[in-house]
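Each position in the sequence shown, counted from 1, maps to that position plus 667 in our numbering.
Read the structure below first, then the notes.
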Amino acid sequence: MALLNICRDEEFAPLKNPPNSGEADTPEIACCMILDLVKTWTKDAGVELVNDGSDSESLCEISPLVSYAGEGLNGHPGQHKLDCPFT
Numbered sequence: 668m669a670l671l672n673i674c675r676d677e678e679f680a681p682l683k684n685p686p687n688s689g690e691a692d693t694p695e696i697a698c699c700m701i702l703d704l705v706k707t708w709t710k711d712a713g714v715e716l717v718n719d720g721s722d723s724e725s726l727c728e729i730s731p732l733v734s735y736a737g738e739g740l741n742g743h744p745g746q747h748k749l750d751c752p753f754t
């Protein structure tokens, strides 16, 4: 038997209610959790996010081909500011 100690906010986004149900644990909330995680990785890499709002217009995605869990993002020189949305 093995146990893993993980940060729940980074590794788990519950999804048990239908879209637009007005309840917690919907696909929209899970999507927002993932987008917030990507914003955290970007800020941790020293990048300032411009127009970083909490609405759907501030879409921030990083391809898994670039970084799977936020690693290696600080190795991109010259990108100290990014306009949201970005992909």
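No residue lacks a Cβ here, since even glycine has one placed at the ideal position from N, Cα and C.
Can you check which of these residues, the options, is closest to residue i by C-alpha distance?
i	options	result
Glu-677	Phe-753, Gly-737, Leu-749 and Thr-754	Gly-737
Phe-753	Gly-739, His-747, Leu-726 and Ser-688	Leu-726
Val-717	Asp-692, Cys-751, Arg-675 and Leu-682	Cys-751
Val-714	Leu-682, Pro-694, Ala-697 and Lys-748	Lys-748
Phe-679	Asp-703, Pro-685, Gly-689 and Ser-688	Asp-703
Glu-681	Ala-691, Leu-670 and Pro-731	What sits at residue 681 in the sequence shown is Pro, not Glu. Pro-681 has its Cα closest to that of Ala-691, out of Ala-691, Leu-670 and Pro-731.
Asn-683	Ile-673, Ala-697, Ile-729 and Leu-740	A small correction: the amino acid at residue 683 is Lys; Asn does not occupy that position in the sequence shown. Measuring from the Cα of Lys-683, the nearest candidate turns out to be Ala-697.
So what does DSSP say about residue i, is it helix, strand or coil?
i	result
Cys-674	coil
Cys-751	coil
Val-733	coil
Glu-690	coil
Val-717	strand
Can you pull the DSSP bridge partners for residue i?
i	result
Cys-757	Residue coverage of the chain in this structure runs from 668 to 754, which leaves residue 757 outside it and unanswerable.
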